[in-house]
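Numbering (numbering that gives the first Met the number 0), first residue to last: 0 to 437.
In this text, a Cβ means the ideal position worked out from N, Cα and C, and glycines have one as well.
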Amino acid sequence: MPVFAVKGTHDLFGEEASCYAYIENVFKAVCELYGYKPIETPVLEYTEVFDRATGESSDVVRKEMYTFLDKGSRSVTLRPEGTAGVIRSIVEKKLYATVDLPLKTYYVGPVFRYERPQLGRYRQFIQAGVEAVGVDSPRLDAETIILAMRVLGMLGFDKLKVKVNTLGDQASRAAYKEALKSYFSEHIDDMCEDCHERLRLNPMRILDCKVEEDQKIVAGAPKMKDYLSQEAEKRFYETLSILNDLNVDYEIDDTLVRGLDYYGHIVFEVHAQSDTGADYGALLGGGHYDGMLNMFGGPKDNDSGVGFAMGVERIYSLMRDNNMLNDIETGLDIYAMPLGEDVRDDLFHIVEEIRTLGYSVEIPFTSLKMSSMFKRAERAKAKFALICGSEELERGVVQLKNLATKEQVEASIETLDATLDELFGEEQEEHHHHNHEE
Ligand code: HAM
Numbered sequence: 000m001p002v003f004a005v006k007g008t009h010d011l012f013g014e015e016a017s018c019y020a021y022i023e024n025v026f027k028a029v030c031e032l033y034g035y036k037p038i039e040t041p042v043l044e045y046t047e048v049f050d051r052a053t054g055e056s057s058d059v060v061r062k063e064m065y066t067f068l069d070k071g072s073r074s075v076t077l078r079p080e081g082t083a084g085v086i087r088s089i090v091e092k093k094l095y096a097t098v099d100l101p102l103k104t105y106y107v108g109p110v111f112r113y114e115r116p117q118l119g120r121y122r123q124f125i126q127a128g129v130e131a132v133g134v135d136s137p138r139l140d141a142e143t144i145i146l147a148m149r150v151l152g153m154l155g156f157d158k159l160k161v162k163v164n165t166l167g168d169q170a171s172r173a174a175y176k177e178a179l180k181s182y183f184s185e186h187i188d189d190m191c192e193d194c195h196e197r198l199r200l201n202p203m204r205i206l207d208c209k210v211e212e213d214q215k216i217v218a219g220a221p222k223m224k225d226y227l228s229q230e231a232e233k234r235f236y237e238t239l240s241i242l243n244d245l246n247v248d249y250e251i252d253d254t255l256v257r258g259l260d261y262y263g264h265i266v267f268e269v270h271a272q273s274d275t276g277a278d279y280g281a282l283l284g285g286g287h288y289d290g291m292l293n294m295f296g297g298p299k300d301n302d303s304g305v306g307f308a309m310g311v312e313r314i315y316s317l318m319r320d321n322n323m324l325n326d327i328e329t330g331l332d333i334y335a336m337p338l339g340e341d342v343r344d345d346l347f348h349i350v351e352e353i354r355t356l357g358y359s360v361e362i363p364f365t366s367l368k369m370s371s372m373f374k375r376a377e378r379a380k381a382k383f384a385l386i387c388g389s390e391e392l393e394r395g396v397v398q399l400k401n402l403a404t405k406e407q408v409e410a411s412i413e414t415l416d417a418t419l420d421e422l423f424g425e426e427q428e429e430h431h432h433h434n435h436e437e
């Protein structure tokens with residue numbers, strides 16, 4: 000009987016796995032540019048963490064969590080998002096008291112949502128996210144958006160726009176919720192079952208409803224911007240003016256409310272369609288939040304945070320469809336070819352030294368014909384073949400063949416480091432030229 004992967008999950012291997020690693024590395028490097036440091040929290044948390052922080056009115060908490068009782072009859076949940084666990088950890092370990100604020104953290108890891116699997120929607124997927132906490136500043140909010148856009152820029156996306164909206168402060172939201180409540184109460188009989196519950200729990204959630212008939216009613220609903228306090232409005236425009244100064248391309252979308260309950264003030268999302276027309280949903284989403292540290296028993300002051308998370312699967316799919324993955328170097332530097340069994344031991348040694356120099360090298364473990372070794376080198380996308388027989392060994396040399404140009408040079412083993420630096424230096428320049436000509 001065959002056994003299959005769980006529905007909505009996926010395996011990663013080969014070039015696809017390399018591309019995921021590449022995307023994650025770019026993300027991490029950009030985070031480090033902004034002074035963020037890695038944080039890792041457990042995939043498994045007590046269910047309460049998400050009930051409290053992510054919000055009981057959100058679809059994620061109400062319908063999509065992998066929640067179960069462990070053998071000690073405690074309710075635990077596979078994290079459906081990264082923020083709540085990170086804040087739980089920051090409070091529990093009092094991390095905010097050990098560093099200068101804001102405390103800036105980034106993370107990459109799997110999250111779980113019991114959703115209907117479809118294009119761009121998985122039940123286990125990877126989020127790469129950041130959380131910056133302990134400082135309440137429009138500038139920090141703006142910097143977070145700029146960081147997100149830089150990650151996408153570094154990955155090669157150049158025309159993406161970020162959608163922004165403000166959910167205001169608590170007073171603004173309370174006034175807005177009241178207005179929505181009275182508006183939707185009049186229409187609720189014509190709306191879906193879910194919306195009945197949303198009206199009861201949090202009328203703002205109705206704005207997220209995907210049912211077409213309901214959308215028409217939603218279109219006529221009151222708008223957040225008409226319920227903003229003066230201060231909240233001022234803060235929003237302050238953030239936007241920082242984005243303007245730094246030439247961030249954004250668009251105000253007053254229907255953007257986000258699917259999680261903890262947000263206040265600015266929220267944002269980036270959406271994109273692939274060149275082939277596929278829509279994988281939002282590439283990333285995030286925003287500002289207040290009160291979450293205190294919710295977990297942390298301090299009441301300096302209790303703000305801001306962050307976002309991007310869906311690595313969605314970014315990968317879009318990059319694949321738009322042919323943006325071609326330039327990712329996954330090839331080997333050198334494929335070593337022993338000519339005969341008597342050189343194998345020595346060559347094994349030389350290969351290890353080349354690795355110490357920082358070049359990637361592969362050597363076959365079985366005796367192969369020359370032609371098969373060249374085929375393997377090609378499949379491994381090796382730049383050079385290093386060929387060595389007993390005759391070469393006796394003279395203390397190896398042959399280095401550029402597999403693209405077919406040029407071959409003889410190199411002394413003694414000075415191999417200098418020769419490799421020279422050859423790979425030229426390689427690099429060629430590569431540059433090539434890219435600039437395009
Ligand atoms: P979110 O919008 O729920 O925000 O998720 C962030 C990103 O995860 C989405 O933009 C999308 O790219 C990806 N994503 C969501 N669901 C799926 C799915 N079923 N399959 C594949 N990808 C998916 C959060 O989770 C917040 N914690 C972000 C945040 C951090 N806000 C403040 N700090």
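- Unbroken alpha helix (DSSP H) stretches of 4 residues or longer found wholly inside the stretch 311 to 335: 311 to 320, given in chain order.
- In this structure, the alpha-carbon of Thr414 lies about 40 Å from that of Pro37.
- Within the DSSP bridge table, the entry for Pro116 names no partner.
- Under the three-state reduction of DSSP, Glu406 is assigned to coil, being neither helix nor strand.
- Beyond the five residues adjoining it in sequence on each side, Glu14 comes within less than 7 Å, by CB distance, of Thr329 in the same chain, given in chain order.
- In the three-state reduction of the DSSP assignment, Gly276 falls in the coil class, being assigned neither a helical nor a strand state.
- Residue environment for Tyr236: exposed (fewer than 16 other C-beta atoms within 10 angstroms of its C-beta).
- Judged by their CB atoms, Met291 and Ala52 are nearer to each other than the 8 Å cut-off.
- In the structure shown, Tyr19 adopts helical secondary structure according to DSSP, grouped into three states.
- With a threshold of 7 Å, the Cβ atom of Arg87 does not count as near the ligand HAM, since no heavy atom of the ligand is closer than that.
- Beta-bridge pairing by DSSP links Ala308 to Gly128, Gly284.
- In this structure, Gly424 keeps its C-beta atom at 8 Å or more from the C-beta atom of Ser411.
- Under the three-state reduction of DSSP, Asp253 is assigned to coil, being neither helix nor strand.
- Checking the 7 Å criterion, the Cβ of Arg378 is out of range of every heavy atom belonging to the ligand HAM.
- Going by DSSP, Ser74 is part of the beta strand (DSSP E) stretching over 74 to 77.
- Following the DSSP letters along the chain, one finds Glu393 inside the alpha helix (DSSP H) bounded by residues 389 to 394.
- A residue is called buried once 16 or more other Cβ atoms fall within 10 Å of its Cβ, and Gln126 is buried on that count.
- DSSP places Thr355 inside the alpha helix (DSSP H), whose first and last residues are 343 to 355.
- Closest in C-alpha terms to Gly108, from the list Tyr121, Gly81, Ser273, Leu166, comes Gly81.
- In terms of side-chain proximity, the C-beta atom of Gln272 is found no nearer than 7 Å to any non-hydrogen atom of the ligand HAM.
- The three-state reading of DSSP puts Gly84 in helix, counting H, G and I together.
- The Cβ atoms of Gly119 and Arg313 sit closer than 8 Å to each other.
- Bridge partners of Pro1 according to DSSP: none are assigned.
- Around the C-beta of Met223, 16 or more other C-beta atoms lie within 10 Å, and the residue is accordingly described as buried.
- Going by C-alpha positions, Asp253 is about 16 Å away from Ala174.
- Residue Glu268 holds the alpha-carbon nearest to the alpha-carbon of Gly280 among Glu409, Tyr288, Asp274, Glu268.
- Remark: the shortest separation between the CB of Met309 and any heavy atom of the ligand HAM falls under 7 Å.
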